[in-house]
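Novice: Just passing along the structure, written as structure tokens.
Encoded structure:
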């Protein structure tokens with residue numbers, strides 16, 4: 004079963020269709036992710052991003068947002084981690100500087116180009 008648009012279908016059940024191309028892409032993603040982690044580059048990048056966020060004040064803003072929610076709910080025992088994460092995730096994504104996003108993207112691309 005092949006289609007010019009879909010590639011070779013290797014699995015199909017109901018609405019779920021997986022092509023050979025999709026499977027190969029997933030395998031490559033996992034391989035690159037493992038190399039990124041094992042090389043130590045991921046940890047270096049996480050530390051770099053953390054330092055940039057601390058220096059920018061974003062981290063403090065997010066902590067304050069969490070503190071306010073905890074106070075509103077009457078204490079930490081009345082708030083779940085999931086609730087706090089869902090509260091600050093959209094805010095964090097909006098407030099991260101575009102230059103930092105681009106810089107991190109370049110660092111990742113540079114790493115991948117040397118594999």
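In the numbering used here, the protein residues as written are 4 to 118. Virtual Cβ for every residue (Gly too), placed ideally from N, Cα, C.
With DSSP as the reference, please indicate the residues paired to residue 49 in a beta bridge.
Specialist: DSSP output for residue 49 lists no bridge partner at all.
Novice: If we ignore side chains and look at the alpha-carbon of each, how far apart do residue 65 and residue 30 end up?
Specialist: 35 angstroms
Novice: Grab me the residues of residue 10's own chain with a C-beta within less than 7 angstroms of its C-beta, minus the 5 sequence neighbours each way, in chain order.
Specialist: Closer than 7 angstroms at the Cβ level, and outside the excluded window around residue 10, lie 22, 23, 24.
Novice: Using DSSP's beta-bridge definition, name the partner residues of residue 14.
Specialist: 21
Novice: DSSP state of residue 7, grouped into three classes?
Specialist: Unreliable placement is indicated for residue 7, whose pLDDT of 40 sits below 50; the coordinate value is still reported in the next sentence. If DSSP states are grouped into helix, strand and coil, residue 7 belongs with coil.
Novice: Residues in the same chain with beta-carbon distance under 6 angstroms from residue 15, minus the five sequence neighbours each way, listed in chain order, please.
Specialist: So no residue of the chain qualifies.
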